[in-house]
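S.K.: Structure provided below as structure tokens; questions to follow.
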Amino acid sequence: MKLKLSEPDSSKLAGESGRAVQVAMSIMVRMARIQGASHLLSIVSSHIDSALYIGQSTLDYAENLVDLGAKVSVPTTLNVAGVDHRNWDRWAVPPEWAHKARRQMLAYRAMGCKPTWTCAPYQTEERPSYGDQIAWGESSAIVFANSVLGARSERYPDLLDICAAITGRVPAIGLHLAENRVGQVLVRLKSISVELLGSDEFYPVLGHHIGKLVGSRVAAFDAIDATPSEDQFKALGAAMASSGAAALFHWVGVTPEATTLQDTFGAKDPETVIEVSMSDLVQARNELSSSPSNELDMVVLGSPHFSLNELKALVPLIKGRSCDSDLRFLITTGRGVRLLAEEMGLIEELTAFGAEVTVDTCILTTPMLPPEIRTIMTNSAKYAYYTPGLLSREVVFGSTEECVESAVIGKVLRDDRLWSV
Amino acid sequence: MVGLGKGAGGELNRDSKRTLGGLAVISGSVTGRLIVSSEPLSFWGGYDFNNGKIIDRQHQLSGQVVKDRILVIPGTKGSSTTTAVLLEAVLRGTAPLAIVTLGVDSFLSLALVVAGEMYGKSIPLISLGSEDFISLESDQEVCLEEDGTIILCGSG
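As they're listed, the protein sequences go chains V and W. Each residue of the first sequence is one higher than the last, beginning at 1 in the numbering used here. Each residue of the second sequence is one higher than the last, beginning at 1001 in the numbering used here.
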């Protein structure tokens, strides 16, 4: 398909809006041609993952754009950074890394992005509305915005998200178009207990399993006797976007583009029907743990970043107790949520337990863990998926309750009752 | 000859070497040995740009160093940061010799476009149709040509 540019697009490409816009537009146009787009469309907001410092190349890219005078042209939020801006030195982050990561953070601030520094921007006031065309980075945020909010974003990778924010224009392809948002794979459950359906730990495990099977196709969960909360959808989507490439799912009767089964699939029949059995889920749960022993050095909660509701729900579990003195208990969240939690007195309760709350980043995106941390327990499928490879640490997946109980005794405690086949 | 499979869309040329007609998303010519997986890969959390090793422990290629090989994968999955990891790998010289995918993968395309623009270096990226893609096997020696043609020379 031949790409047809509008008059303003062509003028940006010709450099009439300055060098930075020209560079961003030329990357956007090159991608539009590779992707076979017929035209570009306008976005109303953007969420940027590119501010994450990885190495010299990501810093070069950011500072090159700033040198060219780049400014974002739509409201733009920032994903996690390579460092907790203020508290990095409480951890094992090398100063040289922190210095470069902070330089990269400043570059994106200089382009006019808002310092939200969270992978869950929908937990702030910057929440897109149904039908909004947006350009979001961060795999777990993209799937949430599309599925739960009904906003429309393709999967924007690092480096491209900022070009979208600078130009305000994106290729008209994929999930920006209504016809690509219908369900492709129908997912049903086979004899799963009501207790498991009602538990938080069901969702990351289901997501891990389904993500592998559907890849980038649109899954529609049907005939499931549960109305998941936002936090449960957050966990489901993040898991599907880690084991797979999910950018949109539907939950028939609950999510906005899936009022009925017919709405969900439009005129087409499902390409595939997946039936999920209890033994599939048990296997998926086992895959999320790499550690064979019950040794434990650290508990980490909050990928995607913990919400205010998740913090509130944690308090009754830890009140009046303390975590093992040899163990570190970390919650990763955004600075906006942390501020609210502070005002509500939640941080005080968590600190009394022995928990630490880090903002702006997470264990996967900043080299914060000291070498003595060898085994980590988490309630997040995303942390569990990436920890062994990225951090060379062992991981144990468990419910929030299992994580707290394990933290108190300093050893991994599992409760398999919900998972017996 | 390895890979002369039934139903593969390749053609035999005069030297009886099979050729596959790929689409050169990023052009370049290189000769090397394939390493093939049927599973998509997230480069972030899956590819170590310090040494070119696959570090996703749940991936078929886990533990393999693919830096001096032509990496054949259906495409990417997972993290948005995959592009940044591949860009950093190109900068450090730890990227694969080339990448072959099933259809066009926009994450890999973008990383290699930016690498070319910013550092004047990149690696070839070739997209294949499904019949040709599934005919490729690890350890085959191939030549990738500027126009996206893949010439299979035998096993290494």
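Note that beta-carbon positions come from the ideal geometry of N, C-alpha and C, so glycine has one too.
1) Taking only the alpha-carbon atoms, compute the straight-line gap between Ala239 (chain V) and His208 (chain V) and give it to the nearest angstrom.
2) In or out: Thr260 (chain V) buried (at least 16 other Cβ within 10 Å) or exposed?
3) Beta-carbon of Pro157 (chain V) versus every beta-carbon of chain W: anything under 8 Å?
4) Assign Ala14 (chain V) to buried or exposed, taking buried as 16 or more other Cβ atoms, counted over all protein chains shown, within 10 Å of its Cβ.
5) Whose Cβ in chain W lies nearer than 8 Å to the Cβ of Ser290 (chain V)?
6) Please report whether the beta-carbon of Glu1146 (chain W) lies at a distance below 8 Å from any beta-carbon of chain V.
7) Do you know whose CA, among W:Gly1028, W:Val1030, W:Ser1042 and W:Asp1105, lies nearest Ser1062 (chain W)'s CA?
8) Within a Cβ cutoff of 7 Å, which residues of the same chain sit near Thr116 (chain V), ignoring the five residues on either side of it in sequence?
9) Can you check which of these residues, V:Gly183, V:Ile134, V:Ser153 and V:Ile48, is closest to Thr118 (chain V) by C-alpha distance?
10) Applying a beta-carbon distance threshold of less than 8 Å, which residues of chain V neighbour Leu1102 (chain W)?
11) Could you tell me whether any Cβ in chain W is nearer than 8 Å to the Cβ of Met368 (chain V)?
12) Could you check how far apart the C-beta atoms of Ile166 (chain V) and Ala226 (chain V) are, in whole angstroms? I think they sit under 8 Å.
13) Name the chain V residues whose beta carbon is nearer than 7 Å to that of Pro1040 (chain W)?
14) Mapping DSSP to helix, strand and coil, what is Gly174 (chain V)?
15) Please report whether the beta-carbon of Leu13 (chain V) lies at a distance below 8 Å from any beta-carbon of chain W.
16) I need the boundaries of the alpha helix (DSSP H) containing Pro304 (chain V), first residue and last residue.
17) Flag Lys114 (chain V) as yes when its Cβ comes closer than 7 Å to any non-hydrogen atom of the ligand ADP, and as no otherwise.
18) Taking all protein chains shown into account, decide if Ile409 (chain V) is buried (16 or more other Cβ within 10 angstroms of its Cβ) or exposed.
19) Check for me: the beta strand (DSSP E) holding Leu189 (chain V) runs from which residue to which?
20) Go ahead and pull the three-state DSSP assignment for Val205 (chain V).
21) Taking the alpha-carbon of Ser38 (chain V) as reference, which of V:Val44, V:Trp88, V:Leu177 and V:Gly18 has the nearest alpha-carbon?
22) Closest Cβ-Cβ distance between Tyr383 (chain V) and chain W: below 8 Å?
23) Starting from the Cα of Ala475 (chain V), find the closest Cα among V:Asp231, V:Leu189, V:Pro270 and V:Gln184 and give me that residue.
24) When DSSP builds the beta bridges, which residues end up paired with Thr332 (chain V)?
M.R.: In brief:
1) Mapped onto the first sequence, residue 239 (chain V) falls at position 239. Mapped onto the first sequence, residue 208 (chain V) falls at position 208. Roughly 5 Å separates the two Cα atoms.
2) Numbered from 1 along the first sequence, position 260 holds the residue referred to as residue 260 (chain V). So Thr260 (chain V) counts as exposed.
3) Taking the first residue of the first sequence as position 1, residue 157 (chain V) is located at position 157. For Pro157 (chain V), the answer is yes, since a Cβ of chain W falls inside 8 Å of its Cβ.
4) As a working note, residue 14 (chain V) is residue 14 in the first sequence. Answer is exposed; the Cβ neighbour count stays below 16.
5) In the first sequence, residue 290 (chain V) corresponds to position 290, counting from 1. Correct list: Arg1057.
6) Along the second sequence, one-based indexing puts residue 1146 (chain W) at 146. Answer no: the Cβ-Cβ gap between Glu1146 (chain W) and chain V never drops below 8 Å.
7) Position 62 of the second sequence, counting from 1, holds the residue named residue 1062 (chain W). For the residues W:Gly1028, W:Val1030, W:Ser1042 and W:Asp1105, the minimum Cα distance to Ser1062 (chain W) belongs to W:Ser1042.
8) Within the first sequence, residue 116 (chain V) is the residue found at index 116, counting from 1. If we look at Thr116 (chain V) and ignore the five residues flanking it on each side, its Cβ neighbours are Thr77, Leu78, Thr124, Glu126, Gly334 and Gly336.
9) Along the first sequence, one-based indexing puts residue 118 (chain V) at 118. Here the closest residue by C-alpha is V:Ile48.
10) The sequence position of residue 1102 (chain W) within the second sequence is 102, counting from 1. Those within 8 Å of Leu1102 (chain W) in chain V number zero; the least Cβ separation is about 11 Å.
11) Stepping through the first sequence from its first residue, residue 368 (chain V) is reached at position 368. Met368 (chain V) does not count as touching chain W.
12) Your numbering for residue 166 (chain V) matches position 166 in the first sequence. Your numbering for residue 226 (chain V) matches position 226 in the first sequence. That pair is no contact at about 42 Å.
13) Working through the second sequence from its first residue, we reach residue 1040 (chain W) at position 40. Those are Gly215 and Ala245, listed as they occur along chain V.
14) Along the first sequence, one-based indexing puts residue 174 (chain V) at 174. Residue state, collapsed to three classes: helix.
15) Sequence index remark: in the first sequence, residue 13 (chain V) carries index 13 (1-based). Chain W contact via Cβ: absent.
16) Within the first sequence, the letter at position 304 stands for residue 304 (chain V). No alpha helix (DSSP H) contains Pro304 (chain V), which is instead part of the beta strand (DSSP E) from Met298 to Phe306.
17) Summarising the ligand content, the structure contains no ligands, and the ligand ADP is consequently not present.
18) Along the first sequence, read from residue 1 onward, the residue named residue 409 (chain V) stands at position 409. Exposed.
19) Position 189 of the first sequence, counted from the first residue, corresponds to residue 189 (chain V). Its beta strand (DSSP E) spans residues Val185 to Leu189.
20) Numbered from 1 along the first sequence, position 205 holds the residue referred to as residue 205 (chain V). Helix, per DSSP.
21) Walking along the first sequence from the start, residue 38 (chain V) turns up at place 38. Closest option to Ser38 (chain V), Cα to Cα, is V:Leu177.
22) For the purposes of this step, residue 383 (chain V) is taken as residue 383 along the first sequence, with counting starting at 1. False, the Cβ-Cβ gap to chain W never drops below 8 Å.
23) No statement about residue 475 (chain V) is possible, as the shown extent of chain V runs from 1 to 421 and does not include it.
24) Within the first sequence, residue 332 (chain V) is the residue found at index 332, counting from 1. For Thr332 (chain V), which the question treats as bridged, DSSP gives the partners V:Thr358.
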